[in-house]
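Novice: Numbering (my numbering), first residue to last: 10 to 185. Just passing along the structure, written as structure tokens.
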Amino acid sequence: MVTQAEGHVKDPGLASQGVLRIEWAAREMQVLRLIRECFIKEKPLRGIRLSGCLHVTTETANLAITLRDGGASVALCASNPLSTQDDVAAALVSEYGIQTFAIHGEDNSTYYQHIHSTLDHGPHYTLDDGADLVATIHKDRTELMGPIMGGMEETTTGVIRLRSMAQAGKLHYPII
């Protein structure tokens, strides 16, 4: 059974299928594999907490595992509930020890509950796809801004939102 502290996924029993798919994807992600090998030895992210709101797919799983192996503590939620792969989410929690809050097709209320659960991790850095994580921090979770050193946004839509916030003087930490 997955506890709320570990994450919220549809079915932990899907984890073994998720592991197979994550491992298959890893074979196609050679650069990330090389980075992971270095991270395992060097632990350059030791002590860093990362919160991500990204597509919960095999590719993102490999990124999260690499960051974890680099020493980071990682919490992840879905940026798009329709792209969430439930077996991957289950594997991240059950087999890789990565806090994951993601269910394929989750409703809007659950989506924002998952964002807040991911932010309860108290991130030093944010990883975002669409700027919902950053927007929630700036609107509802301003107490988190002090320890946050920076963030990353990966979509044009998110960049547009963030530029608007920056131009209005309402973006309070740097984002790449």
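All C-beta atoms in this analysis are idealised placements derived from N, C-alpha and C, irrespective of residue type, glycine included.
Using 8 angstroms as the threshold, is the segment 106–120 in touch with the segment 36–46, meaning 3 or more CB pairs across them?
Specialist: No: the two stretches stay apart, fewer than three of their Cβ pairs being nearer than 8 angstroms.
Novice: Among the residues of its own chain, which have a CB less than 6 angstroms from the CB of T93, if the five just before and after it don't count?
Specialist: Walking along the sequence shown from the start, residue 93 turns up at place 84. Excluding positions up to five away in sequence, the list reads V65, A87, A111, H113.
Novice: So within the segment 120–155, which uninterrupted alpha helix (DSSP H) runs reach at least 4 residues, ignoring any that extend past its ends?
Specialist: Within the segment 120–155, the complete alpha helix (DSSP H) runs of at least 4 residues are 141–148.
Novice: Which parts of the segment 19–77 are runs of the beta strand (DSSP E), unbroken and 3 residues or longer, counting only runs that do not cross its ends?
Specialist: For the segment 19–77, whole beta strand (DSSP E) runs of length 3 or above, ordered along the chain, are 58–63.
Novice: Would you call the segment 13–27 and the segment 94–111 touching, i.e. three or more CB-CB distances under 8 angstroms?
Specialist: As far as the Cβ criterion goes, the segment 13–27 touches the segment 94–111, which means the pair count is three or higher.
Novice: Tell me, to the nearest whole angstrom, how far the beta carbon of R58 is from that of H147; I am working on the premise that it is less than 8 angstroms.
Specialist: Counted from its first residue, the sequence shown places residue 58 at position 49. Counted from its first residue, the sequence shown places residue 147 at position 138. Going by Cβ atoms, the distance from R58 to H147 rounds to 18 angstroms, so no, they are not a contact pair.
Novice: Give the straight-line distance between the Cα atoms of A70 and I124, rounded to the nearest whole angstrom.
Specialist: Residue 70 sits at position 61 when you count from the first residue of the sequence shown. Residue 124 sits at position 115 when you count from the first residue of the sequence shown. Using only the alpha carbons, I get a separation of about 17 angstroms.
Novice: Report back the beta-carbon spacing between Y134 and G106 to the nearest angstrom; my notes put them in contact at under 8 angstroms.
Specialist: The residue given as residue 134 occupies position 125 in the sequence shown. The residue given as residue 106 occupies position 97 in the sequence shown. So it is not a contact: roughly 19 angstroms between Cβ atoms.
Novice: Assuming D141 contacts C62 under a Cβ cut-off of 8 angstroms, what Cβ separation, rounded to an integer in Å, is found between them?
Specialist: Taking the first residue of the sequence shown as 1, we reach residue 141 at position 132. Taking the first residue of the sequence shown as 1, we reach residue 62 at position 53. About 6 angstroms; that satisfies the 8 angstroms criterion.
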